[in-house]
Amino acid sequence: MFLCCPLYNTDYGSAYVGNALELLDCLESNSIDLVITSPPFALQREKSYGNVEQEAYVNWLFNFCEKVYRVLAPHGSFVLDLGGAYQSKRPVRSLYNYRILIKLCDELDFRLAEEFFWYNPSKLPSPIEWVNKRKIRTKDAVNTIWWLSKTDNPKANVSNVLVPYSERMKKLLQNPEKFYQPKERPSGHDIGKAFANNNGGAIPSNLLQIPNTESGSRYIQLCKAAKIGAHPARFPQKLPQFFINFLTEPGDTVLDIFAGSNTTGVAAESLQRHWIAFEQNRSYLATSAFRFVDANLNQSQANTLYTQLMSSSQTVALK
DNA sequence: AGTGAGCACTACACATGTGG
DNA sequence: CCACATGTGTAGTGCTCACT
């Protein structure tokens with residue numbers, strides 16, 4: 001079985017409406033270089049996009065991950081973004097994001113290549129009951145991101161995701177003699193002369209500080225203009241961008257099985273990677289086309305495009 | 001008519017970032 | 001500088017409906 005009839009396609013990718021469980025079966029084994037996705041979380045509050053309850057959640061998500069394992073190339077990576085949650089009626093954390101991680105490594109032979117933590121400083125203090133009303137917990141502003149691989153050495157290159165040096169390090173690089181003595185420190189760290197080499201940037205840490213605010217973006221503006229609700233839970237483009245740069249090369253293929261508003265697809269497109277997006281909700285995927293089209297689309301053009309995507313049985317070519 | 005289960009809906013209390 | 005974004009959990013209210 002092969003994938004056919006995407007809702008829309010672009011220079012580099014195709015977006016498909018449907019259940020990822022079925023669509024994954026249409027992909028060839030070992031064909032995907034990176035699967036990055038953020039599934040609906042096991043939250044207490046019911047979401048419009050349909051989340052599964054905590055107890056059943058781990059098994060529900062596991063079904064998808066089994067199929068991801070098959071389509072992933074041996075050097076490929078599976079990056080899974082999971083938000084934390086509380087147990088029902090107790091100020092006690094759910095362990096669901098850790099349970100799924102352990103199950104994936106124990107039962108599917110995934111390796112935990114590295115755990116990442118996405119810190120969103122602009123998150124509102126929540127959950128309200130424990131944090132704002134009773135004031136017995138701090139605000140939850142970190143998501144766990146599991147970087148899983150099929151083999152011990154998935155393709156990865158940290159040189160592609162270097163971050164700017166700090167002001168202090170910039171000064172050190174300008175005048176190393178004045179700023180440090182190469183010698184062994186009390187901690188046992190051997191800080192040598194090579195420490196003063198300029199490597200073009202600092203090695204990033206596994207704490208990703210990325211604010212999730214998207215005020216007045218083209219996507220939001222066009223959703224408003226066309227009078228359609230935007231996807232209520234989008235991740236910032238910088239998040240998939242980081243992992244695509246880190247774990248793939250131009251020409252590789254990136255897959256998001258819970259694509260939502262297809263942030264992953266846009267990130268991949270801008271980095272010249274092929275991409276495939278699966279999303280069950282046709283309206284979410286239809287609005288995601290706004291991310292790819294001309295910035296000067298007016299209200300009626302946005303509406304026309306949306307209507308076309310919602311009704312047409314043929315693939316719409318964007319660009 | 002009264003009761004209670006089950007459901008949908010709502011108030012509550014808060015921080016930080018983006019983009020025009 | 002302003003307008004407007006943003007993966008929350010609990011308890012209370014009020015409604016419908018089955019049952020007595």
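Mapping of the first sequence onto full-length UniProt numbering: position 237 corresponds to residue 237, and the numbering continues sequentially without gaps. Yeah, the Cβ is synthetic: ideal placement off N, Cα and C, and Gly gets one too.
Considering only DSSP beta bridges, list what residue 21 is partnered with. Position 21 of the first sequence, counting from 1, holds the residue named residue 21. The partner list for residue 21 (beta bridge, DSSP) is empty, contrary to what the question assumes.
Beta-bridge partners of residue 118, as assigned by DSSP: Counting from 1 along the first sequence, the entry for residue 118 is found at position 118. Residue 118 is bridged to 143, 208.
State yes or no: is the C-beta of residue 263 within less than 9 Å of the C-beta of residue 239? Within the first sequence, the letter at position 263 stands for residue 263. Within the first sequence, the letter at position 239 stands for residue 239. Their beta carbons are under 9 Å apart, which means residue 263 touches residue 239 by this criterion.
Would a C-beta distance cut-off of 9 Å place residue 73 and residue 265 closer than the cut-off? Translated into positions along the first sequence, residue 73 becomes position 73. Translated into positions along the first sequence, residue 265 becomes position 265. Cβ atoms of residue 73 and residue 265: not closer than 9 Å.
Residue 20 and residue 77: beta carbons closer than 9 Å? To locate residue 20, count along the first sequence from 1; it is residue 20. To locate residue 77, count along the first sequence from 1; it is residue 77. No, Cβ-Cβ distance for residue 20 and residue 77 is not below 9 Å.
Taking the C-alpha atoms as reference points, what is the distance between residue 301 and residue 55? Counted from its first residue, the first sequence places residue 301 at position 301. Counted from its first residue, the first sequence places residue 55 at position 55. Using only the alpha carbons, I get a separation of about 44 Å.
With DSSP as the reference, please indicate the residues paired to residue 75 in a beta bridge. Sequence index remark: in the first sequence, residue 75 carries index 75 (1-based). Looking at the DSSP assignment, residue 75 forms no beta bridge with any residue, so it has no partner.
Where does residue 88 fall in DSSP's three states? In the first sequence, counting from the first residue as 1, residue 88 sits at position 88. In this structure, residue 88 counts as coil in the three-state DSSP scheme.
Can you tell me whether DSSP reads residue 290 as helix, strand or coil? In the first sequence, counting from the first residue as 1, residue 290 sits at position 290. Judged by DSSP in its simplified three-state form, residue 290 adopts helix.
Ignoring anything shorter than 4 residues or poking outside the segment 194 to 273, list the alpha helix (DSSP H) runs there in chain order. Listed in chain order, they are 218 to 225, 238 to 247, 263 to 270.
Do you know how far the Cα of residue 142 is from the Cα of residue 179? To locate residue 179, count along the first sequence from 1; it is residue 179. To locate residue 142, count along the first sequence from 1; it is residue 142. Each residue's Cα considered, the two are about 35 Å apart.
Would you identify the three-state DSSP class for residue 320, choosing helix, strand or coil? The first residue shown for the chain is 1 and the last is 319, placing residue 320 beyond what the model contains.
Do three or more CB pairs link the segment 213 to 227 to the segment 86 to 98 at distances below 8 Å? no
Thinking C-alpha only, which one of 113, 199, 208, 18 is nearest residue 236? Position 236 of the first sequence, counting from 1, holds the residue named residue 236. It is 208 whose Cα lies nearest to the Cα of residue 236.
Kindly identify the DSSP beta-bridge partner or partners of residue 191. Sequence index remark: in the first sequence, residue 191 carries index 191 (1-based). Looking at the DSSP assignment, residue 191 forms a beta bridge with 183.
When the Cα atoms are used, what is the spatial distance from residue 151 to residue 199? The residue given as residue 151 occupies position 151 in the first sequence. The residue given as residue 199 occupies position 199 in the first sequence. Each residue's Cα considered, the two are about 28 Å apart.
Nearest-angstrom Cα separation, counted from residue 246 out to residue 193: Reading the first sequence from its first residue, position 193 is the one you call residue 193. Reading the first sequence from its first residue, position 246 is the one you call residue 246. Taking the straight line joining both Cα atoms gives about 28 Å.
May I ask which residues mark the beginning and end of the alpha helix (DSSP H) holding residue 100? Position 100 of the first sequence, counted from the first residue, corresponds to residue 100. Where residue 100 is concerned, the enclosing alpha helix (DSSP H) stretches over 96 to 107.
So residue 146 and residue 80 are in contact, right, with Cβ under 8 Å, and what is the actual spacing, rounded? Indexing the first sequence from 1 puts residue 146 at position 146. Indexing the first sequence from 1 puts residue 80 at position 80. Right, their Cβ atoms sit about 5 Å apart.
I'd like to confirm the pairing. Which residues does DSSP put opposite residue 279 in its beta bridges? As a first step, residue 279 must be located in the first sequence, where it is residue number 279. Paired residues: 17.
Exposed or buried, residue 124, counting other C-beta atoms within 10 Å across all chains shown (16 or more means buried)? On the first sequence, position 124 is the one that residue 124 refers to. Looking at its Cβ environment, which holds fewer than 16 other Cβ atoms inside 10 Å, residue 124 is exposed.
Give a yes or no on whether the C-beta atoms belonging to residue 110 and residue 206 are separated by under 9 Å. The residue given as residue 110 occupies position 110 in the first sequence. The residue given as residue 206 occupies position 206 in the first sequence. Result no, Cβ atoms of residue 110 and residue 206 do not sit closer than 9 Å.
State the start and end residues of the unbroken alpha helix (DSSP H) segment that holds residue 304. Looking up residue 304 in the first sequence gives position 304. Here the alpha helix (DSSP H) through residue 304 covers 299 to 311.
Is the separation between the beta-carbon of residue 62 and that of residue 115 shorter than 9 Å? Taking the first residue of the first sequence as 1, we reach residue 62 at position 62. Taking the first residue of the first sequence as 1, we reach residue 115 at position 115. Cβ distance not < 9 Å, so residue 62 and residue 115 don't count as in contact.
Residue range of the unbroken beta strand (DSSP E) whose run includes residue 34: As a working mapping, residue 34 is identified with position 34 in the first sequence. Where residue 34 is concerned, the enclosing beta strand (DSSP E) stretches over 32 to 37.
Put residue 113 into one of helix, strand or coil per three-state DSSP. The sequence position of residue 113 within the first sequence is 113, counting from 1. Residue 113: strand per DSSP, three-state reduction.
Proximity winner among 287, 256, 138, 13, relative to residue 309 (alpha-carbon distances): As a first step, residue 309 is located in the first sequence; it is residue number 309 there, counting from the start. Ranking 287, 256, 138, 13 by Cα distance to residue 309 puts 287 first.
Please work out which residues of its chain come closer than 8 Å, Cβ to Cβ, to residue 269, disregarding the five sequence neighbours upstream and downstream, and give them in chain order. Indexing the first sequence from 1 puts residue 269 at position 269. Hits under 8 Å: 10, 11, 12, 13, 275, 292.
Determine, using beta carbons only, whether residue 255 and residue 278 come nearer to each other than 9 Å. The residue given as residue 255 occupies position 255 in the first sequence. The residue given as residue 278 occupies position 278 in the first sequence. Contact: yes.
Just how far apart, CA to CA, sit residue 59 and residue 196? In the first sequence, counting from the first residue as 1, residue 59 sits at position 59. In the first sequence, counting from the first residue as 1, residue 196 sits at position 196. So the two alpha carbons sit approximately 50 Å from each other.
Where does residue 70 sit, in a helix, a strand or coil, going by DSSP? Position 70 of the first sequence, counting from 1, holds the residue named residue 70. Looking at residue 70 - three-state DSSP - the assignment turns out to be helix.
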